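Colleague: Following this note's numbering, the numbering of the sequence shown begins with 1002 at its first residue and continues without gaps.
Cβ coordinates follow ideal geometry from the N, Cα and C atoms, glycine included.
Source: prediction; values computed, not measured.
After the structure tokens below, expect a handful of questions from me.
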Amino acid sequence: MKIGLFFGSFNPIHLGHTRLARYILEHTDLEQIWLVLSPNNPLKDPQSLLPEELRYKLAQTALRNEKNILPCDREFTLPKPNYTVNTLRALSAEHPLDDFTLIMGSDNMALFDRWREYEFILEHYPILVYPREGDDLEMLKKRFPEMKVIEAPLFRISATEIREQLRQGETSPWLDPKVAEMLK
């Protein structure tokens, strides 16, 4: 099976994440997309994260009606901090008949050479990149010609904005209603 691995903190998961995953599933040859929840991204401040178990339950809730888009908590059992290369190796060993493709935003593409063993990832895994507002895609394509930048809609929302809305007592239209209720 061809599986796309969409990594993220999903802090919290929102409609931008699910709509993008659905779009990629419908416009590529991927058969499933796994949203791989990262409990401790080494490039982010862990203090700003909701507890990993809550983020996983929120993802399960947000994806309850999605076909072929699944939450994945595999990184929860791997050594911390989590490095994508270790997760890719673990998943590939556990699912040797599946082909994995890494899905990332162009913001991560810009930092990709800071990732642990990024050369190994480039050599062994296809990478699909969705555009993020403000990134110089032409320059990034020249830096990483191995990666495939896909045409995808821009969802102008971030989990950071949603967390701020929630702190101010507002309800975000970007949250699945059941996810919003769980966050209250």
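Note down, in chain order, each residue of its chain lying with its Cβ closer than 8 Å to the Cβ of E1053, except the 5 sequence neighbours on either side.
Modeller: Locating residue 1053 in the sequence shown gives position 52, where the first residue counts as 1. These residues qualify, in order along the chain: L1038, P1040, D1074 and F1077.
Colleague: Report the residue from I1034, S1010 and H1096 whose alpha carbon sits nearest the alpha carbon of L1051.
Modeller: The residue you call residue 1051 lines up with position 50 of the sequence shown. Checking every option, the nearest Cα to that of L1051 belongs to S1010.
Colleague: May I ask you to report which of helix, strand or coil DSSP gives I1025?
Modeller: Taking the first residue of the sequence shown as position 1, residue 1025 is located at position 24. Here I1025 sits in helix by DSSP.
Colleague: Applying the 10 Å Cβ sphere with the 16-neighbour rule, what's the burial state of H1028?
Modeller: Within the sequence shown, numbered from 1, the residue matching residue 1028 stands at position 27. Under this definition H1028 is an exposed residue.
Colleague: Sort out for me which residues DSSP pairs W1116 with in a bridge.
Modeller: On the sequence shown, residue 1116 is found 115 positions in, with the first residue counted as 1. Paired residue(s): none; W1116 is not in a bridge.
Colleague: Could you pull out every residue in the same chain whose Cβ sits closer than 6 Å to the Cβ of D1177, ignoring the five residues on either side in sequence?
Modeller: For the purposes of this step, residue 1177 is taken as residue 176 along the sequence shown, with counting starting at 1. Around D1177: A1063.
Colleague: State the CB to CB distance for the pair K1143 and V1150, rounded to an integer number of angstroms; the pair is presumed to be in contact (CB under 8 Å).
Modeller: Your numbering for residue 1143 matches position 142 in the sequence shown. Your numbering for residue 1150 matches position 149 in the sequence shown. Not confirmed; about 11 Å, so no contact.
Colleague: When DSSP labels each residue in this structure, what does P1072 get in the three-state scheme?
Modeller: For this step, residue 1072 is matched to residue 71 along the sequence shown. Correct three-state label for P1072: strand.
Colleague: With DSSP as the reference, label L1103 as helix, strand or coil.
Modeller: Within the sequence shown, the letter at position 102 stands for residue 1103. DSSP places L1103 in strand when its eight states are reduced to three.
Colleague: Please state if the CB of P1127 and the CB of S1107 are separated by a distance shorter than 7 Å.
Modeller: Stepping through the sequence shown from its first residue, residue 1107 is reached at position 106. Stepping through the sequence shown from its first residue, residue 1127 is reached at position 126. Not closer than 7 Å, so no.
Colleague: Compare the beta carbon distance of R1117 and V1086 with 7 Å and say whether it is the shorter of the two.
Modeller: Position 116 of the sequence shown, counted from the first residue, corresponds to residue 1117. Position 85 of the sequence shown, counted from the first residue, corresponds to residue 1086. Result yes, Cβ atoms of R1117 and V1086 sit closer than 7 Å.
Colleague: Tell me the residue span of the beta strand (DSSP E) that contains Y1126.
Modeller: For the purposes of this step, residue 1126 is taken as residue 125 along the sequence shown, with counting starting at 1. Where Y1126 is concerned, there is no enclosing beta strand (DSSP E), given that its DSSP letter is neither H nor E.
Colleague: Let me know the secondary structure DSSP gives G1017 once reduced to three states.
Modeller: As a first step, residue 1017 is located in the sequence shown; it is residue number 16 there, counting from the start. DSSP places G1017 in helix when its eight states are reduced to three.
Colleague: What number of angstroms, rounded off, separates the C-alpha of K1068 from the C-alpha of A1094?
Modeller: The count along the sequence shown starts at 1 and reaches residue 1068 at position 67. The count along the sequence shown starts at 1 and reaches residue 1094 at position 93. Rounded to the nearest angstrom, the two C-alpha atoms are 25 Å apart.
Colleague: Roughly how many angstroms lie between the CA atoms of Q1048 and T1088, to the nearest whole one?
Modeller: Along the sequence shown, one-based indexing puts residue 1048 at 47. Along the sequence shown, one-based indexing puts residue 1088 at 87. Approximately 22 Å between the Cα atoms of the pair.
Colleague: Taking just the CA atoms, how far does M1110 sit from Q1166?
Modeller: Along the sequence shown, one-based indexing puts residue 1166 at 165. Along the sequence shown, one-based indexing puts residue 1110 at 109. Going by the C-alpha atoms only, they are around 28 Å apart.
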